[in-house]
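Protein chains in written order, with the working numbering: chain A, 120 to 298; chain B, 411 to 679. Idealized CB from N, CA, C, for every residue including glycine. This structure is a prediction, so every number in the text was calculated from the model and none was measured. See structure below.
Following this line, the structure appears as structure tokens:
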């Protein structure tokens, strides 16, 4: 049996667990804990402290695992461990919470430093009225023009599929270009 | 869609940077603690600014700049009440009181001062209104934002924020595709710019120029905000991880086949 993995990362409450849940064939093994900080509790009541874990079986010889990282900075020691051997990674950003963009940028830089693998940025909650425009987000996140910044609704399976496919296309493209 | 938020999360320099890079047209409205600011842009360039009840009329700007005296100012206020700034400007130029260059230069100085004031605001809610255009009855300027952004970045003092923006000095810098023209840099900023090259880490640049960590971070932050440079992996840095750990096979064709299988499976979901 061959296994490969992708990592879903991003700031606290960006929608990583939901993203994996939307496509995983198993119930996501989520290691969630009640939030202790008052500020974070106003955003959601529980969070991932170690990792989320989802699975997509391709055939009897190949399985894709999706790992979601904890969003809070105090758990960033987990990131490097989770990033080992990944095919690529997805950075989730909540389009309605500009206060998290700086952190998203920092997470992106950290993961790029861990592994030179392809990545895409998913602008989650693009269905919300107060979502930032993709172009504005791209500038705020200081993404270069070659980075894929994709609209996303993590609760919508079709939207999540598109993100995964775009990452796979990037991986394939990089292999074909011989990088 | 919305471009709104809080100045606690987005500084004025970051907003100006975004407006500059996206070549936006519209008005940035900032609700500060006690005043409201309106800063208007055309295609990413500063066109007009007003803060609170400040009288930004042409007559007031020229009076403050000593281009007209108190009597002339009062006469204008008394007699030209219905006249737009554009009409007044034309009148003053034709009468030989000021030149067109005087008017534009003094408006630029006035608007830059207002933005300097805005840089000191740390609390406030902002929104960018695409539909609010620079006022027609006022004279609009067309100012590049890069120098204003660099000036604003120089005022950033918080080490914590600088560390968030530039987490590691072991990264290198490279120039963006934007041309480096008409930029007013300080001596220290030029020293850093001189060494911008993927071969040099920021730590090396700081050491060479005898700059402290916070000094080099502040300078680089300004250059980043102005869109002149971007962070880069140092050219001689070792690859952080071997690619062989990624795939269960080392055969390139098998690797491609594996990715194609994944694509096929995800499409079926």
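#### Entry: In chain order, each alpha helix (DSSP H) run of at least 4 residues that lies wholly inside the segment 217-275 of chain A
220-233 and 253-259
### Query
Is it right to say residue 488 of chain B is buried, meaning 16 or more other beta carbons lie within 10 angstroms of its own, or is it exposed?
exposed
### The beta strand (DSSP E) enclosing residue 136 of chain A, as first and last residue numbers
Here residue 136 of chain A belongs to no beta strand (DSSP E); instead the alpha helix (DSSP H) covers 135-142.
### Message
Quick test of the definition: if touching needs 3 or more C-beta pairs under 8 Å, does the segment 414-430 of chain B touch the segment 278-292 of chain A?
### Response
no
### Query
In the DSSP assignment, what residue or residues form a beta bridge with residue 461 of chain B?
B:447
### Message
By the DSSP assignment, the alpha helix (DSSP H) with residue 122 of chain A in it spans what residues?
### Response
No alpha helix (DSSP H) holds residue 122 of chain A; the beta strand (DSSP E) holding it covers 121-128.
### Query
From which residue to which residue does the alpha helix (DSSP H) around residue 440 of chain B run?
Looking at the DSSP string, residue 440 of chain B is not in any alpha helix (DSSP H); the run it does join, the beta strand (DSSP E), is 436-441.
### Query
Is the beta carbon of residue 622 of chain B sitting closer than 8 Å to the one on residue 644 of chain B?
no
### Query
So which residues on chain A does residue 658 of chain B lean against when the C-beta distance must stay under 8 Å?
121, 122 and 123
### Message
For residue 578 of chain B, tell me which candidate among B:614, B:554, B:593 and B:457 has the shortest Cα-Cα distance.
### Response
B:614
### Task
Report the rounded CA-to-CA distance for residue 455 of chain B versus residue 480 of chain B, giving the unit in angstroms.
32 Å
### Task
Drop a sphere of 10 angstroms on the beta-carbon of residue 654 of chain B, count the other beta-carbons inside from all chains shown, and report buried for 16 or more, exposed for fewer.
Because the pLDDT at residue 654 of chain B is just 45, under 50, the model does not fix this residue reliably, and the point stays unresolved.
### Message
the ligand MN and residue 143 of chain A: does any heavy atom of the ligand fall closer than 7 Å to the residue's C-beta?
### Response
The ligand MN is not part of this structure, which contains no ligands at all.
### Message
Considering just the uninterrupted stretch of the beta strand (DSSP E) at residue 641 of chain B, what are its terminal residues?
### Response
639-642
### Query
When we look at the beta-carbon of residue 552 of chain B and count the other beta-carbons within 10 Å, is it buried (16 or more) or exposed?
exposed
### Task
Kindly list the residues whose CB is nearer than 8 Å to the CB of residue 616 of chain B, restricted to its own chain and excluding five residues on each side of it in sequence; keep chain order.
579, 622, 623, 625 and 626
### Query
Is residue 597 of chain B near residue 520 of chain B, with beta carbons less than 8 Å apart?
no
### Query
If we cut at 8 Å on Cβ distances, does residue 221 of chain A have a partner in chain B?
yes
### Query
Is there at least one Cβ from chain A nearer than 8 Å to residue 577 of chain B's Cβ?
yes
### Query
Where residue 681 of chain B and residue 255 of chain A are concerned, what is the direct C-alpha to C-alpha distance, given to the nearest angstrom?
Any question about residue 681 of chain B goes unanswered here, given that chain B covers just 411 to 679.
### Message
Please tell me whether residue 672 of chain B has its Cβ less than 8 Å away from any Cβ of chain A.
### Response
yes
### Query
With a cut-off of 8 Å, does the C-beta of residue 251 of chain A fall near any C-beta of chain B?
yes
### Task
Compare the Cα-Cα distances from residue 696 of chain B to each of B:433, B:522 and B:422 and report the closest residue.
As shown, chain B starts at 411 and ends at 679. That puts residue 696 of chain B outside it, with no answer to give.
### Query
Can you give, in chain order, each stretch of the beta strand (DSSP E) that sits fully within the segment 451-527 of chain B and has at least 3 residues?
455-461
### Task
Evaluate the contact criterion for the segment 541-555 of chain B versus the segment 489-499 of chain B: three or more CB pairs, one atom per stretch, below 8 Å.
yes
### Message
Suppose contacts are defined by Cβ-Cβ distances below 8 Å. Is residue 185 of chain A in contact with residue 125 of chain A by that definition?
### Response
yes
### Message
Residues of chain B with CB closer than 9 Å to the CB of residue 179 of chain A, please, in chain order.
### Response
By Cβ distance, chain B contributes nothing, its closest Cβ being about 12 Å from residue 179 of chain A, past 9 Å.
### Task
Starting from residue 659 of chain B, follow its DSSP beta bridges and name the residues at the other end.
In DSSP, residue 659 of chain B forms no bridge with anything.
### Message
Taking contact to mean 3 or more Cβ pairs, one atom from each stretch, closer than 8 Å, check whether the segment 630-643 of chain B and the segment 243-251 of chain A are in contact.
### Response
no
### Message
Just checking: is the beta-carbon of residue 420 of chain B within a distance shorter than 8 Å of some beta-carbon in chain A?
### Response
yes
### Task
Please confirm if residue 266 of chain A has its CB atom under 8 Å from at least one CB of chain B.
no
### Query
Near residue 452 of chain B, which residues of its chain fall below 6 Å by C-beta distance, leaving aside the five closest residues on each side in sequence?
435
### Query
Name the residues in the segment 432-458 of chain B whose C-beta lies less than 9 Å from a C-beta of chain A; which are they?
432 and 434
### Task
Would you mind working out which of A:123, A:286, A:142 and A:176 sits nearest residue 203 of chain A, comparing C-alpha positions?
A:123
### Task
Could you tell me the boundaries of the alpha helix (DSSP H) in which residue 557 of chain B lies?
556-564
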